[in-house]
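These notes are about the structure you will find just below.
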Ligand code: HPA
C-alpha cells in the first residue's frame with residue numbers, strides 16, 4: 199500500500215467516502231459545506247504534488263455533506279506547473295485505493311458561448327484534447343488504450359440534470375477544450391476552438407478525466423465560467439485582458455451555484471442509500 203494511502207486511512211479514522219470532489223481555482227469555498235472536516239495538507243501525504251497556484255489550497259478535506267461521506271481534493275496541480283500531464287496520477291490512485299468510486303471534478307473556465315456569461319455553470323459533456331499531451335504517455339501496459347466514448351458518466355449527468363431542474367439552477371452543458379496554459383489563449387485560438395465545437399476552454403481537468411477512466415473511476419466535471427474567451431469581450435478586471443485575478447474573483451459566483459447542485463446531489467444520494 200502506498201504510504202499516502204496508509205496515512206489517509208489513519209487520519210480519516212474509519213470514514214469511507216465513495217465520492218471525491220476535486221476543486222478548481224477559486225472554488226475552495228465548497229469545502230465550507232463539509233461537516234466535521236478532517237484536513238490533511240498535501241505535504242503530509244508522500245507523493246502528493248504541492249501546487250503553487252494562488253487560489254489552490256493543497257489539502258485533503260474529508261467529512262460529510264448531507265450525511266454522505268465525501269473526500270475533497272482542495273487544490274490540484276496543473277500541467278503548466280511542471281510540464282507533467284500525469285501530476286495528479288498518484289492522488290487519484292490513492293483515492294481509488296481508499297474505495298472512491300466516483301469523482302466530481304470542477305474547474306474555472308472561459309466561455310465560448312455568448313449565452314453562457316461569467317457566473318454560469320457548465321456540466322462537461324465531452325472534451326477536446328488537441329494539446330498533444332496525455333497523462334498515459336509512457337504507461338507500459340495495454341491498459342493505456344483507454345476508451346473515451348463515454349468519459350463523462352451518463353448516469354451521473356442525468357442525475358445532475360434532474361437536480362438542476364428541481365433546484366432552479368440553470369445548468370449549461372457543453373464541450374470543454376483543454377489548453378496547456380499558463381498563458382491564456384489568443385483570440386485566434388478562441389475562434390479556432392469555437393469552430394472545432396468547444397463551448398468552454400480551460401487549463402485543467404482533461405488529464406484527470408483520462409486518469410480516472412484509466413483507473414476505472416466514474417467521473418463527471420463542471421466548469422464555472424469566469425470570463426468570455428479571449429477577444430470575445432472588452433470587459434473584465436484587466437480592461438479587456440484576461441488575468442488569474444479575474445478567475446479568482448469570478449469563480450466564487452458560479453461556485454456558489456455549483457455548491458448548491460453538489461449539496462443537492464449528496465442529499466439525493468443519501469436518500470438512495
Ligand atoms: N482560458 C483558459 N483557462 C481559463 C480561462 C480562460 O479563458 N478562464 C479561467 N480559466
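In our numbering, the protein residues as written are 199 to 471. Glycine residues also receive a C-beta, built at the ideal position from the N, C-alpha and C atoms. Note that the coordinates shown come from a computational prediction; the quantities given were computed from them, not determined experimentally.
query, result
"Cβ of residue 353 within 8 angstroms of any chain D Cβ", "Among the chains of the structure shown, chain D does not appear; only one protein chain is present."
"Environment of residue 346 [buried if 16+ CB atoms lie within 10 Å]", "exposed"
"Same chain, Cβ closer than 6 angstroms to residue 337, neighbours up to 5 away in sequence not counted", "none"
"For residue 286, three-class secondary structure by DSSP", "coil"
"Identified DSSP bridge partners for residue 219", "270, 302"
"3-residue-minimum beta strand (DSSP E) runs that sit fully inside the region 316-391, ordered along the chain", "319-326, 369-376"
"Separation of residue 334 from residue 370, as counted between CA atoms", "30 angstroms"
"Residue 420, DSSP secondary structure in three states", "strand"
"The region 214-232 touching the region 285-300, judged by at least three CB pairs closer than 8 angstroms", "yes"
"Buried versus exposed call for residue 208 [16 or more other C-beta atoms within 10 Å across all chains shown]", "exposed"
"Residue 424 beta carbon near the ligand HPA (any heavy atom closer than 7 angstroms)", "yes"
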